[in-house]
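Numbering (our numbering), first residue to last: 1 to 305.
Note that CB positions come from ideal geometry on N, CA and C, so glycine has one too.
Reading through the structure tokens given below for one structure.
Okay, structure coming up:
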């Protein structure tokens, strides 16, 4: 009876230990999962970091809108000058200048010089606003790229040695440099054009519908087809950009490995063989970059056609 009670107590202790061990393992797994999720860099996290920069983001978009508004009238000045001055059909522009200047100054010379001065002023204003806008969006993009690189640097000490051996120093450095730079460039270009593009589409649609609603409706209904084809080409461009980054990674890794072992290679008189491999990787990078660059430009031009 005593043995049975003692054995029962031992069984209870073992069950308690097993339960405690399972609970500890679950806690450790949850902690590891939370750390892993905390180290993940997702589009949701990137969007959150972008939206945190509310003040520079709002300022940049306001500047972008003003830069667009200033640049829009510039191409219209020459036709206006031809219609109202050269063809002698005075309109609102001539009337405005006559209200601003004395009657003794009136004449084609005044109108031409006034329009020329206005065009120069608008171009300078557009230039200043465009540079200011580019600076604001660059600050936003570089802050985001610093955040991503900082997160990567904090994650690298926890990476296993096997992963370092598998990826190689070139692959890891490419992730921290080339891939982050690609994200930075994409976000800077997207953010700078997003609001302006939406407002441009709305304004163009309103003008088309106001001039001729039937023709405007036909043109607007063709836009979804253009968007569909642009997205189809965009998926292919994404693959080309991935190949370009992979080629850059291969070139960088080949170059780093060769430079790290340059002393041994010179001793063995094999540096030419290894540098020829680096040249082959550079050639592959060139071909991938050419394909990515011109096809990306073609898709961008197609989307605006």
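To the nearest angstrom, how far is the alpha carbon of residue i from that of residue j?
i           : j           : result
residue 229 : residue 160 : 43 Å
residue 112 : residue 182 : 47 Å
residue 249 : residue 225 : 36 Å
residue 156 : residue 205 : 50 Å
residue 58  : residue 209 : 30 Å
residue 292 : residue 233 : 12 Å
residue 35  : residue 69  : Unreliable positioning characterises residue 35 in this predicted model, as indicated by a pLDDT of 48, which lies under 50. The coordinate reading is nonetheless provided below. If I take the Cα positions, the gap works out to 47 Å.
residue 28  : residue 56  : Confidence at residue 28 is low in this model, with a pLDDT of 45, below 50, so the placement of that residue is unreliable and no value is reported for it.
residue 298 : residue 246 : 22 Å
residue 66  : residue 74  : 14 Å
residue 109 : residue 81  : 11 Å
residue 165 : residue 172 : 10 Å
residue 271 : residue 239 : 34 Å
residue 131 : residue 263 : 48 Å
residue 105 : residue 99  : 11 Å
residue 198 : residue 103 : 44 Å
If you reduce the DSSP assignment to three classes, tell me which class residue i lands in.
i           : result
residue 264 : helix
residue 79  : helix
residue 180 : helix
residue 292 : helix
residue 159 : coil
residue 90  : coil
residue 40  : coil
residue 73  : coil
Once the 5 residues before and after residue i are set aside, which same chain residues still bring their CB inside 8 Å of it?
i           : result
residue 138 : 188
residue 51  : 57
residue 275 : 258
residue 94  : 84, 85 and 111
Residues in its own chain within less than 6 Å of residue i by CB, not counting five upstream and five downstream?
i           : result
residue 152 : 176
residue 77  : 115 and 119
residue 191 : 137
From which residue to which residue does the alpha helix (DSSP H) around residue i run?
i           : result
residue 103 : Unbroken run through residue 103: none, as it is neither H nor E.
residue 52  : 43-52
Once the 5 residues before and after residue i are set aside, which same chain residues still bring their CB inside 7 Å of it?
i           : result
residue 149 : 176 and 180
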